[in-house]
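Colleague: Can you keep this structure in mind? I'll have questions shortly.
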Amino acid sequence: MDPLMPGIEKEMSRRRRRRLFSQQRVPVRMLVPNFFTLLGLCAGLTSIRMSIEERWDVALAAIVFAAMLDGIDGRVARLLKAQSRFGAELDSLADFVNFGVAPAILLFTWGLVDIKSIGWICVMMFALASAMRLARFNVAVDEEKPKWQSNFFTGMPTPAAAIVVLLPFYLAKLGLDANESRIAMSVVLVYTMLIAVMMVSTIPTYSGKLMGERIRREWVLPIFIVAVGLVACLLTFPYETLAIVTLIYLALIPLGWRRYLAKERESAEPAATAQTTVSPSPVTQAPPASAAPADPGRVIDMRSIEPKR
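All you need for the working numbering is the position in the sequence shown, starting with 1, plus 633.
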């Protein structure tokens, strides 16, 4: 038996007995982030229903709306200092439904239903990959790491994966329908599996969490203009905008990986420099055991002493 198992089981039982809130009355600000999370969960469940009814445009809009709410609830919780264990668990369950199950159902009912078992296995692997990615994220929350690493995700986050995996659907709305060719549908299957692998991989992807802490003054107005323009394009040209954003995001993954490696080297160089600059303490060597210490007393010549008679 693993000697660590008793300690782990004891810690898990202690956490299960812990109350969610230590006080009898919960502040109202603690409920605000959970409201956004539940609203996003309603959007994800609605997307599943719309996919079953083959109303794929509404299903896609619900997923995009859930992704926007997912980007809001975490920042609202940090802004109001309303983080809680209950909110973290609820957010993970909502992300699995919104960005794991809902995109899988949309893909299957739209194009992969004709492939039957292979298509279902493919979208099921995507949903399972999102569940494993969320579980790994929850475990890694308590790990201590440098602050700059908070600006990167380990693997592709589930909201981004839900938007990126629907690229064949965007292209079909733009005239490049993959349902017209068996080879094109095979490419869709491979593409879906690659996105699933990206979620459970260890490839760093940019998160932008630290961007909300401090923004340079000259960047405030341009950011507002870009955000408003992006929302306007999303409402006016949804499929073109989503396709362009998806391609840009995929193209930026190698650049984010290189940036992560560069930051890792920068953080490792000061530690190596400090280790080399510290000189070792001088070691005083003890005299050999055979060497007898010099006698500071008088030296007597034993040969000049005559024995008494």
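The beta carbon of each residue, even a glycine, is placed where N, CA and C say it ideally should be.
All values derive from a computational prediction rather than experimental measurement.
Compare the C-alpha of S763 against each of S680, I738, V797 and T791 and name the closest.
Modeller: T791
Colleague: Which residues mark the beginning and the end of the beta strand (DSSP E) in which T838 is found?
Modeller: P837 to Y839
Colleague: What's the call for T869, buried or exposed, on a 16-neighbour Cβ count within 10 Å?
Modeller: exposed
Colleague: Report all residues from its chain with a CB closer than 6 Å to the CB of L807; omit the five preceding and five following residues, and keep chain order.
Modeller: Result list for L807: Y872, in chain order.
Colleague: Does F870 come out as helix, strand or coil in the three-state DSSP assignment?
Modeller: coil
Colleague: Cβ of V823 versus every heavy atom of the ligand MG: is any distance shorter than 7 Å?
Modeller: No copy of the ligand MG appears in this structure; indeed no ligand is present at all.
Colleague: May I have the straight-line CA-CA distance separating S684 from T742, to the nearest angstrom?
Modeller: 6 Å
Colleague: Count the CB pairs spanning the stretch 742–760 and the stretch 694–706 that are closer than 8 Å, and state whether there are at least three.
Modeller: By the Cβ rule, the stretch 742–760 does not count as touching the stretch 694–706, because fewer than three pairs are nearer than 8 Å.
Colleague: Using DSSP's beta-bridge definition, name the partner residues of F802.
Modeller: According to DSSP, F802 bridges with nothing at all.
Colleague: If I measure Cβ to Cβ from A943 and keep anything under 6 Å in the same chain, skipping five residues before and after, which residues do I get?
Modeller: Residue 943 is absent from the structure shown; the chain starts at 634 and stops at 942.
Colleague: Nearest-angstrom Cα distance between I836 and L809?
Modeller: 30 Å
Colleague: Checking 8 Å against the spacing of the C-beta atoms, do Y803 and L875 come in under that value?
Modeller: yes
Colleague: How far does the alpha helix (DSSP H) with F732 in it extend, from its first residue to its last?
Modeller: Element bounds for F732: n/a, residue is neither H nor E.
Colleague: Terminal residues of the continuous alpha helix (DSSP H) containing N957?
Modeller: No answer is possible for residue 957: the residues shown for the chain start at 634 and end at 942.
Colleague: V734 to L761, Cα distance in whole Å?
Modeller: Approximately 9 Å, taken between the alpha carbons.
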